[in-house]
Amino acid sequence: LYALEALRAGVRVFRYLPGFLHQKVMLIDQDICAIGSANLDNRSFRLNFEITLLTVDADFAVQVAQMLEEDLSQSRELIGADRKNVHRLQQLGMRVARLISPIL
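When we follow the working numbering, the leftmost residue of the sequence shown carries the number 16, and every step to the right adds one.
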């Protein structure tokens, strides 16, 4: 659901085809990287034992950029039509998940 909302807002969203990818990665200005597993929500910040590393290192950023390019080469970009192809039962499930997300 969140990916579909991001898509509607103009964010480019990619689906990793080999399977589930849990990493969260940001590359900023070719020298700042944030890489880890923490979600940007209260649960991750307060309850879960997840971590994200923030570093300013141009050499490391090059390696992260290469990793992202490899991951994106194995991904498919979602398009507006993908929003319309979600089964109604799946839409219902996503809405229920959103309602109970504060306690998940």
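Yeah, the Cβ is synthetic: ideal placement off N, Cα and C, and Gly gets one too.
State yes or no: is the C-beta of G51 within less than 7 angstroms of the C-beta of K39?
yes
When you compare the stretch 30-46 with the stretch 83-95, are there three or more beta-carbon pairs, one atom per stretch, that lie closer than 8 angstroms?
yes
Inter-residue Cα distance where the pair is V28 and A53:
18 angstroms
Span of the alpha helix (DSSP H) around E13
An answer regarding residue 13 cannot be provided, because it is not within the stretch 16 to 119 covered by the chain.
What would DSSP say about G34, mapped onto helix, strand or coil?
coil
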